[in-house]
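Take a look at the structure set out below.
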Amino acid sequence: MEVRRTGFTVQYKDDTSPLTRADLASNETILRGLAERFPGVPVLSEEGADIPVETRRLWKRLFIVDPLDGTKEFVKELGEFCVCIALAKDGFPALGAVHVPAWGKTYVGGLGLGAFRRENGDDKSGAWQAIAVRQPDETALTVLASRSHPSPETEAFLADKRVAERITAGSALKFCLVAEGKADLYPRLSVGMREWDTAAGQAVLEGAGGSVVSLADGHPGERLAVNKPDLLSGTFLASATPTR
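This note's numbering runs 100 ahead of the 1-based position in the sequence shown.
Right, dumping it as structure tokens:
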């Protein structure tokens, strides 16, 4: 938040995604903290993802970090950017934390562990509250859509769904909104998302009783895995449906 107050410039990576000094400062702080508290557990971060597959495939546990998820929202001075940290085990997210600095909210959770939200998260004065997905009403669904990445494929997927409300939002916040019962579905049918964009949010949603599964030809598939060779999340559906 200090970077927003004092101003920043925007650089662009090879894939045209934006990069600010907030990304780099957050990354440095997180990596240092994880190294101090969890020595020996490797870290896969968006800002340092060039790690050979041959090395990564040996990792049974790893942290997956997005130091500033939703940089586009950050640059536009919207509040929907997050800091995301996930602990993955045996190829799946086991525990995740999503912090929304502008809102002072933090979400944590993991499959079989439950999910929790704390407000006033910056000063740690808020109490943790359990959160859970809601039972979807198939005749009046609330659907989340990406603010920065709308796609015709998503529209085609939703064509036969009874959608009563659409909410646009940025970053991993979308997973958290499903997790706390404010929406039913978050379909992502445009490619390009990486595992650091999804791992922490997936863990929170699974802890809240929901699921994140791959989508192939518009049909739900297997639970979304991580630490894959290409690090791509692919197309997926995040929903209030329990993890199988």
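Cβ coordinates follow ideal geometry from the N, Cα and C atoms, glycine included.
Notebook entry, point to check: Do we get a CB-CB distance below 8 Å when we pair Ala308 with the residues of chain B?
Noted result: You won't find chain B in this structure, because it holds only one protein chain.
For a test of the three-state rule: what should DSSP assign to Asp297, helix, strand or coil? In the three-state scheme derived from DSSP, where H, G and I count as helix and E and B as strand, Asp297 is classed as helix.
Quiz item: In whole angstroms, what is the alpha-carbon distance linking Ala300 and Leu241?
Solution: 24 Å
So what's Ile151 in DSSP terms, helix, strand or just coil? coil
- Task: State the Cα-Cα distance for the pair Pro250 and Ser290, rounded to the nearest angstrom.
- Result: 8 Å
Cut-off 6 Å between Cβ atoms - residues of its own chain near Leu162, not counting five sequence neighbours on either side:
Pro142, Leu144 and Ala188
Note to self: Please report the distance separating the alpha-carbon of Val313 from that of Ala227.
What the structure shows: Annotation: Val313 to Ala227 spans about 31 Å, alpha carbon to alpha carbon.
*Is DSSP giving Arg262 helix, strand or coil here?*
coil
- Query: What three-state label does DSSP hand Arg344 in the structure shown?
  - Reply: coil
Review point. Quick one, are the C-beta atoms of Val208 and Val304 less than 8 Å apart?
Key: By the CB criterion at 8 Å, Val208 and Val304 fall inside the cutoff.
Review point. Identify the residues that DSSP records as bridge partners of Val313: which are they?
Key: Arg323 and Leu337
- Task: Can you tell me which of the three DSSP states Ser271 falls into?
- Result: coil
Q: Confirm, please, whether the CB-CB distance from Leu244 to Tyr286 is below 8 Å.
A: yes
### Task
Could you work out which residue in Lys328, Gly334, Glu255 and Val183 is closest to Ser271 when comparing CA atoms only?
Val183
Check your understanding: Per DSSP, what kind of secondary structure is Lys328 in: helix, strand or coil?
Key -> coil
Quiz prompt | Cβ separation of Phe192 and Ala325, assumed to be a contact under 8 Å, to the nearest whole Å | solution = 6 Å
Requested in this report: Determine the extent of the beta strand (DSSP E) in which Ile185 is found, giving its start and end residues.
Outcome: Cys182 to Lys189
Paired residues, beta bridge with Asp169 - DSSP: Answer by DSSP bridge pairing, in chain order: Cys182.
DSSP puts Leu162 in a beta bridge; with which residues?
Ala188
_Residues near Glu253 in its chain [Cβ-Cβ closer than 8 Å; skip 5 each side]_ = Cβ neighbours of Glu253 within its own chain (closer than 8 Å, five residues either side excluded): Leu289, Ser290 and Thr335.
Using DSSP's beta-bridge definition, name the partner residues of Lys205. Val200 and Glu219
* Helix, strand or coil: how does DSSP classify Ala308 here? -> Residue state, collapsed to three classes: coil.
Worksheet entry | Beta bridge counterpart(s) of Arg247 as assigned by DSSP | Bridge partners of Arg247 according to DSSP: none are assigned.
Report task. Would you decide whether Glu306 is buried or exposed? Buried here means 16 or more other CB atoms lie within 10 Å of its CB. Result -> buried
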